[in-house]
Amino acid sequence: MEEYTVYVQVNPGSCVVALTSSALLTHTEGWVEVERGPGDRCHHPQSNYLPLPLYTDEGVPRYKLVDGTIVERTIEELEADLAGMVEPVTPLEQLRADVDFLAALQGVVL
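Take 193 as the starting number for the sequence shown in this note's numbering and just add one per residue.
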């Protein structure tokens, strides 16, 4: 059976932000090798390697890399990241900002 290499990308805080395998990756610069092995676990790690999704429902990275091993982040770490996230703009707020901007370009006061 063919052997594949699992790679991760991490952010400056060592949070795992991307996961792929040697089957899909042509250049490994910026990626960290975490395991080699046969089968779907290493061939398609995006859906087979970790027990939970890479990100929480809120968009916070769920895992970090510690001494070359992927470990799940603590609740405290996840909550700290969540508290530091900016609330996304609603579609209505974005539309209003776009209209205001276009009006200002035309010299129109709304």
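Idealized CB from N, CA, C, for every residue including glycine.
In this text the structure is predicted, and so the values were computed from the model without any measurement.
Next on the checklist: Judging by CA-CA distance, which residue of L217, V200, L270 and G231 is the nearest neighbour of E194?
Outcome noted: G231
Next on the checklist: I'd like to know whether the C-beta atoms of R254 and Y241 end up nearer to each other than 9 angstroms.
Outcome noted: no
Checklist entry - Measuring CB to CB, does L246 end up less than 9 angstroms from L211? => result yes
Item to check | Cβ neighbours of W223 in the same chain (closer than 6 angstroms, five flanking residues each side left out) | outcome: Y199 and Q201
Checklist entry - Who pairs with A210 in a beta bridge, going by DSSP? => result When DSSP reads this structure, A210 sits in a beta bridge with Q201.
Checklist entry - Buried or exposed: R265, going by 16 or more other Cβ atoms within 10 Å of its Cβ? => result By the C-beta density criterion, R265 is buried, having at least 16 other C-beta atoms within 10 angstroms.
Next on the checklist: Using a Cβ-Cβ cutoff of less than 7 angstroms, which residues in the same chain neighbour E227 once the five nearest sequence positions on both sides are dropped?
Outcome noted: V198 and C234
Checklist entry - How is V301 classed by DSSP in three states: helix, strand or coil? => result coil
Checklist entry - Tell me, which residues are paired with V226 by DSSP? => result Looking at the DSSP assignment, V226 forms no beta bridge with any residue, so it has no partner.
Item to check | Three-way DSSP call (helix, strand, coil) for Y279 in this model | outcome: Here residue 279 is Glu; the residue named in the question, Tyr, does not match the sequence. Looking at E279 - three-state DSSP - the assignment turns out to be coil, as it is neither helix nor strand.
Next on the checklist: Report the CB separation of S213 from L257 in whole angstroms; it is logged as a contact under 8 angstroms.
Outcome noted: Their Cβ separation, rounded to whole angstroms, is 16 angstroms, which puts S213 and L257 out of contact at 8 angstroms.
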